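Participant: Numbering follows our numbering, in which position 233 of the sequence shown is assigned residue number 266; successive positions increment by one, without gaps. Cβ coordinates follow ideal geometry from the N, Cα and C atoms, glycine included. These numbers were taken from a predicted model, which means no experiment stands behind them. Can you keep this structure in mind? I'll have questions shortly.
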Amino acid sequence: QEYYVGQWSPNVYHNPTNIICRPFALLGIFSLFRILEYDSVHSGEYIKCSIFLVLSAFAKPSFLQSIIPAMILFVILRVIVTRKIEWKKWFLLIAVYLPACVVILFQTFITFFSGNTLSEGIGIEYGRVLHYYTSNIGASFFMTLAFPIFVFVVYLQSLIKKPYIQLIICYLFASWAEMAFLYEKGPRETDANFAWAYMLATFIVWVVMTKEFKENIYAHNKKWTKLVFKIGLIIFSLHLIFNNITITFGV
């Protein structure tokens, strides 16, 4: 169990709320992608995105608790790099996030600070909970995301220019930092409840990077394409095989 928990999984099968949250999270983040990708977006897209974010929060707050800081980080980096402030787009995104923010703030208060649950609040300490389950945090990160990392490195020049890939990187970083630094005080400390956001993020990263792998595989010369495809398929297969072994046999 510790080997499974220490590496986590992008495809958690034993948590109903996480499973329910996934489709809303996917719909929400792809809607965000469309908003970021185009200069002019129909107002209906902003409304849909806001609805998906709220629904994801009702299912489980895991998506929102990382995509909110991720978007803040993305906007800050975007402004620094481009030296341009897209006031209209950023204000519209604030409006998109506001209803969901109200929901998650209420959930946070009830869960951690109301005194009506087993939780005794939120603590901050690097690796406090992770070290219960893994002796090497960096290795665990790589074991979970080797294939997406491979795709990102191979197609770095084209991917890094895309706003939605930049958001995905910020999202993954925010979810990992939350898992690494935050813990729930009290008897549920070892439950690693702040890891749920990271597990959901790895699932979304896997979906996006698998899509990018499929779309980019034919963008280079034939010899390069064959080599990249073979290496990518091997890494993908190793993920699949060892994940199933770990879940089935608990080793």
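#1: Give me the Cβ distance between phenylalanine 85 and cysteine 54, rounded to the nearest whole Å; I'm assuming they're in contact under 8 Å.
#2: How close, in whole Å, do the beta carbons of isoleucine 250 and phenylalanine 262 come, if the pair is a contact with beta carbons under 8 Å?
#3: Who pairs with tyrosine 130 in a beta bridge, going by DSSP?
#4: Could you check the C-alpha separation between leucine 266 and glutamate 153 for me, to the nearest Å?
#5: Under 8 Å between the Cβ atoms of alanine 210 and valine 162?
#6: Just mark valine 238 as buried or exposed, buried being the case when its beta carbon has 16 or more other beta carbons within 10 Å.
#7: Counting Cβ pairs closer than 8 Å, one from the segment 49-66 and one from the segment 75-95, do we hit at least three?
#8: Would you mind reading off the limits of the beta strand (DSSP E) that contains leucine 216?
#9: Look at phenylalanine 91 and phenylalanine 180 and say whether their C-beta atoms are less than 8 Å apart.
#10: Grouping DSSP H, G and I as helix and E and B as strand, with all else coil, what is isoleucine 137?
#11: Please identify the residue among Tyr159, Lys244 and Ala207 whose C-alpha is closest to the C-alpha of glutamate 217.
#12: Considering only their Cβ atoms, is the gap separating threonine 50 from lysine 117 smaller than 8 Å?
#13: Can you have a look at phenylalanine 185 and say buried or exposed, based on whether 16 or more other CB atoms are within 10 angstroms of its CB?
#14: Could you give the uninterrupted runs of the alpha helix (DSSP H) lying entirely in the segment 87-174, keeping only those of 4 residues or more?
#15: What's the C-alpha gap between phenylalanine 235 and histidine 272?
#16: For lysine 195, which three-state DSSP category applies?
#17: For threonine 150 and threonine 223, I'd like the C-alpha separation in whole angstroms.
#18: Can you tell me which of Lys259, Gly219, Trp257 and Ile201 puts its alpha carbon nearest to the alpha carbon of tyrosine 231?
#19: Are the Cβ atoms of tryptophan 120 and valine 108 separated by less than 8 Å?
#20: Do you know offhand how far glutamine 98's Cα is from lysine 256's?
#21: What does the alpha-carbon distance come out to for the pair glycine 370 and glycine 156?
#22: Candidates Ile170, Thr141, Pro196 and Phe227: which alpha carbon is nearest glutamate 70's?
Facilitator: The answer reads as follows:
#1: Contact doesn't hold; Cβ gap of about 11 Å is too wide.
#2: 6 Å
#3: Answer is none; tyrosine 130 lacks a bridge partner.
#4: 45 Å
#5: no
#6: buried
#7: yes
#8: In the sequence under discussion, the amino acid at residue 216 is tyrosine, which differs from the leucine named in the question. Tyrosine 216 -> beta strand (DSSP E) spans 215-217.
#9: no
#10: helix
#11: Tyr159
#12: no
#13: buried
#14: 97-115 and 120-141
#15: Before going on, a small fix: residue 235 reads as threonine here, not phenylalanine. If I take the Cα positions, the gap works out to 13 Å.
#16: coil
#17: 16 Å
#18: Ile201
#19: no
#20: 43 Å
#21: In the structure as shown, the chain starts at 34 and stops at 284, and residue 370 therefore has no counterpart that could be examined.
#22: Pro196
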